[in-house]
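Visitor:
In the working numbering, the protein residues as written are 22 to 695.
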């Protein structure tokens, strides 16, 4: 890492004015970056509007930000690269045109006012910074985007594709009398004098920073009946749907290469990708970074001055999946996952390291195309035909055992969705406890990983089928581990909360010693030990009481069906567990596998509940009466196998799965959709 975009935010440092500024946070962090030899690119306002005493429509905003910028530069005169205002055009759209953020404008006038004020603030801030740092460089960022559409909406497409340049055009002094958007800005209430000020005070970026996302490319279509209601909008002339271009265009979105090339041709200035992120599963994050990197390398080879590719954000983000319009505390990792006590390097970190050292990053998941390059991405074909058919998944597969089981089928389903080549095998194809069978299959298929979901799952029957349970749950995983170790193959296998006895009465973490009380629990604990002895790099995921939308035999589905029919449901109210939503479990486990994680991990939906309360909460989520629910103790159920009364799974390595309440909501929605 050679440079790092880093915040010294105005509203954090000096919310009550410079006289009462607190520099402690910035002093420590910028000082540490300086010690490490990492160049900070200091940001002062990031999708914000400054302290509460000002706003993006306050005429005093530019002068006040300039005053703060000068103070920051005076304190850190060794900082040479600056982004006074991040993404002024995007912020103007979200704050002044779409109403998402303060001041929640929804009209052209507020959009134009917020944009002009932010751009003026950039010019004045850089002027103040350069009084202390004469050679200070402006790294100006924005989400460029691109709009596509039908012939009827060509006029709106043209407007949006010109408007996307406005922030850079103002700063570079390109909004003269003949500029395409000059009349539009004046019509939105910006005076000619305000626009001429930028001609006289041009402040062209030293680096034009492009932040491009998959969601940045849009397609607009007046044929509303072809699209879901939530996509409908309009401009006062036409009503139209606004959807991802990738869902419509047969040839796919223009992509980062085209947009970067357009930027180079328009301005003739050095460019950089200043944000590269995909809020998605791990392999798609890798594929997006790979596409952006290849675009930058291609442009450099063609002679363009491309300075950098920046992975945003290094430590992940919270609630950006809703643009901060809802507070759900949804965390998505970046290069590092900081949901645990220590930052954990994901596969993106290894990719960044390789690219930064001039090496080609290799991972089996990169052999398959990303979702936005596969044919099934087309949901709304332009010709009104059928959606795109699924693309064949080429490349080195993973082997998934347990074809008849809930978890095995879920892994296969999500591998299909994620574009991860796989082979789902039944016992007739692969007997995991037979070393010859395992060797033959692995040598034939040559997978890069094995995901073992096979095993004996009948907890009560295990009490009198001990040897059969041991063969499937202990010998099988151990044989797989030995075979994978001999061939350099990764292994993911699953364990259970029933390796614990419940005596702790606090969430169990990965380092807690197993103390099983049932035959099934003992086989799972022994399997963990055997697998990690044979293959220390194996990934062992403990989970608990999973439920999901794709099988008919989990507790939640059975309880809801019975309650809806008015049939009795009996559930224990004295045993605390951490039920786990299967799609979240599988996605989290596959992410860890791609990251190359090893050892024991706990993956369960966050929270704890009794079986009876789980049935009540599921009934509320589904709108089903719970009048026939009857509660009892675990002892009254008369189960053959003893159960711990507390087997809640916590985690000391990371909190990867969303909360149980949210998972129940998604479970109900998925069932209804099906």
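Backbone N, C-alpha and C fix where the C-beta goes; we use that ideal spot for every residue, glycine too.
Go ahead and label residue 555 buried or exposed: buried means 16 or more other beta carbons lie within 10 angstroms of its beta carbon, across all protein chains shown.
Guide: Residue mapping note: residue 555 aligns to position 534 of the chain shown, counting from 1. Per the 10 Å Cβ criterion, buried.
Visitor: Under three-state DSSP, which class holds residue 453?
Guide: For the purposes of this step, residue 453 is taken as residue 432 along the chain shown, with counting starting at 1. Looking at residue 453 - three-state DSSP - the assignment turns out to be coil, as it is neither helix nor strand.
Visitor: Expressed to the nearest angstrom, what Euclidean distance is found between the alpha-carbon atoms of residue 387 and residue 163?
Guide: In the chain shown, counting from the first residue as 1, residue 387 sits at position 366. In the chain shown, counting from the first residue as 1, residue 163 sits at position 142. Approximately 28 Å between the Cα atoms of the pair.
Visitor: Please return the same chain residues whose Cβ sits closer than 7 Å to the Cβ of residue 108, not counting the five positions on each side in sequence.
Guide: Here residue 108 refers to the residue found at position 87 when the chain shown is read from its first residue. These residues qualify, in order along the chain: 68, 162, 163, 164, 232.
Visitor: Can you check whether the CB of residue 331 is closer than 8 Å to the CB of residue 366?
Guide: Working through the chain shown from its first residue, we reach residue 366 at position 345. Working through the chain shown from its first residue, we reach residue 331 at position 310. Cβ atoms of residue 366 and residue 331: not closer than 8 Å.
Visitor: Cβ atoms of residue 369 and residue 307: under 8 Å apart, would you say?
Guide: As a position in the chain shown, residue 307 is number 286, starting the count at 1. As a position in the chain shown, residue 369 is number 348, starting the count at 1. Contact: yes.
Visitor: Measure the Cβ-Cβ separation of residue 274 and residue 262 and say whether it is below 8 Å.
Guide: Within the chain shown, the letter at position 253 stands for residue 274. Within the chain shown, the letter at position 241 stands for residue 262. Cβ distance not < 8 Å, so residue 274 and residue 262 don't count as in contact.
Visitor: Whose C-beta lies closer than 6 Å to the C-beta of residue 113 among residues of the same chain, with five residues either side of it excluded?
Guide: Residue 113 sits at position 92 when you count from the first residue of the chain shown. Answer for residue 113: 132, 135, 136, listed in chain order.
Visitor: Could you pull the start and end residues of the beta strand (DSSP E) that residue 64 belongs to?
Guide: As a working mapping, residue 64 is identified with position 43 in the chain shown. Residue 64 -> beta strand (DSSP E) spans 60-67.
Visitor: Leaving out five residues before and five after residue 649 in sequence, what residues of the same chain have Cβ atoms less than 8 Å from its Cβ?
Guide: Start at 1 with the first residue of the chain shown, and residue 649 comes out as number 628. Answer for residue 649: 583, 584, 587, 588, 589, 590, listed in chain order.
Visitor: According to the neighbour-count rule (16 or more other Cβ atoms, all chains shown, within 10 Å of its Cβ), is residue 242 buried or exposed?
Guide: As a position in the chain shown, residue 242 is number 221, starting the count at 1. The residue in question, residue 242, is buried, as its Cβ has 16 or more Cβ neighbours within 10 Å.
Visitor: Residue 123 and residue 70: beta carbons closer than 8 Å?
Guide: Counting from 1 along the chain shown, the entry for residue 123 is found at position 102. Counting from 1 along the chain shown, the entry for residue 70 is found at position 49. Result yes, Cβ atoms of residue 123 and residue 70 sit closer than 8 Å.
Visitor: Please report how far the alpha carbon of residue 631 lies from the alpha carbon of residue 452, in whole angstroms.
Guide: Here the question's residue 631 lines up with position 610 in the chain shown. Here the question's residue 452 lines up with position 431 in the chain shown. Taking the straight line joining both Cα atoms gives about 36 Å.
Visitor: At what residue ranges does the stretch 568-627 contain a whole run of the beta strand (DSSP E), taking only runs of 3 or more?
Guide: You should have 590-593, 620-623.
Visitor: Give me the DSSP bridge partner(s) of residue 106.
Guide: Against the chain shown, residue 106 aligns to sequence position 85. Bridge partners of residue 106: 66.
Visitor: Whole angstroms are fine: how far does the CA of residue 637 sit from the CA of residue 478?
Guide: The sequence position of residue 478 within the chain shown is 457, counting from 1. The sequence position of residue 637 within the chain shown is 616, counting from 1. Rounded to the nearest angstrom, the two C-alpha atoms are 25 Å apart.
Visitor: For residue 125, count the other beta carbons within 10 Å of its own beta carbon; 16 or more makes it buried, fewer makes it exposed. Which is it?
Guide: Residue 125 sits at position 104 when you count from the first residue of the chain shown. Residue 125 should be labelled exposed.
Visitor: Take every Cβ of the stretch 505-517, pair it with every Cβ of the stretch 535-550, and state whether three or more of those distances are shorter than 8 Å.
Guide: Output reads yes: the stretch 535-550 touches the stretch 505-517.
Visitor: According to DSSP, what are the bridge partners of residue 167?
Guide: Within the chain shown, residue 167 is the residue found at index 146, counting from 1. 238.
Visitor: Could you spell out where the beta strand (DSSP E) holding residue 422 opens and where it closes?
Guide: In the chain shown, the residue the question calls residue 422 occupies position 401. Counting along the chain, the beta strand (DSSP E) containing residue 422 begins and ends at 419-422.
Visitor: Rounded to a whole number of angstroms, what is the C-alpha to C-alpha distance between residue 615 and residue 303?
Guide: The count along the chain shown starts at 1 and reaches residue 615 at position 594. The count along the chain shown starts at 1 and reaches residue 303 at position 282. Looking at the two C-alpha atoms, the distance is approximately 7 Å.
Visitor: What do you get for residue 206, buried or exposed, if any count of 16 or more other CB atoms within 10 angstroms of its CB means buried?
Guide: For the purposes of this step, residue 206 is taken as residue 185 along the chain shown, with counting starting at 1. Counting Cβ neighbours within 10 Å, residue 206 comes out buried, since at least 16 surround it.
Visitor: Note down the Cα distance separating residue 16 from residue 483, rounded to an integer number of angstroms.
Guide: Nothing about residue 16 can be read from this structure; the chain reaches only from 22 to 695.
Visitor: Determine, using beta-carbon pairs with one atom in the stretch 186-205 and one in the stretch 217-234, whether at least three such pairs fall under 8 Å.
Guide: With the cut-off at 8 Å, the stretch 186-205 and the stretch 217-234 touch.
Visitor: Determine the extent of the alpha helix (DSSP H) in which residue 144 is found, giving its start and end residues.
Guide: For the purposes of this step, residue 144 is taken as the residue at position 123 of the chain shown. Looking at the DSSP string, the run of the alpha helix (DSSP H) that includes residue 144 is 129-153.
Visitor: Return the CA-CA distance between residue 280 and residue 346, expressed in angstroms with no decimal places.
Guide: On the chain shown, position 259 is the one that residue 280 refers to. On the chain shown, position 325 is the one that residue 346 refers to. If you take the alpha carbons of residue 280 and residue 346, they lie about 28 Å apart.
Visitor: Less than 8 Å between the CB atoms is what I'm expecting for residue 31 and residue 86, so what's the real figure, rounded?
Guide: For the purposes of this step, residue 31 is identified with residue 10 of the chain shown, where counting begins at 1. For the purposes of this step, residue 86 is identified with residue 65 of the chain shown, where counting begins at 1. Residue 31 to residue 86, Cβ: 7 Å. Contact.
Visitor: According to DSSP, simplified to helix, strand and coil, what is residue 663?
Guide: Here residue 663 refers to the residue found at position 642 when the chain shown is read from its first residue. Coil at residue 663, not helix or strand.
Visitor: Identify which residue in 594, 393, 311 has its Cα closest to the Cα of residue 373.
Guide: Numbered from 1 along the chain shown, position 352 holds the residue referred to as residue 373. Comparing Cα-Cα distances from residue 373 to each of 594, 393, 311, the minimum goes to 311.
Visitor: Are there three or more Cβ pairs, one per stretch, closer than 8 Å when the stretch 401-418 is compared with the stretch 437-447?
Guide: With the cut-off at 8 Å, the stretch 401-418 and the stretch 437-447 touch.
Visitor: Got a sec, what are the start and stop residues for the beta strand (DSSP E) residue 299 sits in?
Guide: Here residue 299 refers to the residue found at position 278 when the chain shown is read from its first residue. Run containing residue 299: none; DSSP gives neither H nor E here.
Visitor: Thinking residue 739 and residue 635 are a contact (beta carbons under 8 Å), I'd like their distance in whole angstroms, please.
Guide: What is shown of the chain runs 22 to 695, which leaves residue 739 out entirely.
Visitor: In whole angstroms, what is the alpha-carbon distance linking residue 447 and residue 667?
Guide: In the chain shown, residue 447 corresponds to position 426, counting from 1. In the chain shown, residue 667 corresponds to position 646, counting from 1. Looking at the two C-alpha atoms, the distance is approximately 34 Å.
Visitor: I need the DSSP call for residue 443, collapsed to helix, strand or coil.
Guide: In the chain shown, residue 443 corresponds to position 422, counting from 1. Residue 443: strand per DSSP, three-state reduction.
Visitor: I need the straight-line Cα distance from residue 405 to residue 247, nearest angstrom please.
Guide: Taking the chain shown and counting its residues from 1, one reaches residue 405 at position 384. Taking the chain shown and counting its residues from 1, one reaches residue 247 at position 226. For residue 405 and residue 247, the distance between alpha carbons rounds to 8 Å.
Visitor: Measure the C-alpha to C-alpha separation of residue 58 and residue 24 and round it to an integer number of angstroms.
Guide: The residue given as residue 58 occupies position 37 in the chain shown. The residue given as residue 24 occupies position 3 in the chain shown. Near 9 Å, if we compare the C-alpha coordinates of residue 24 and residue 58.
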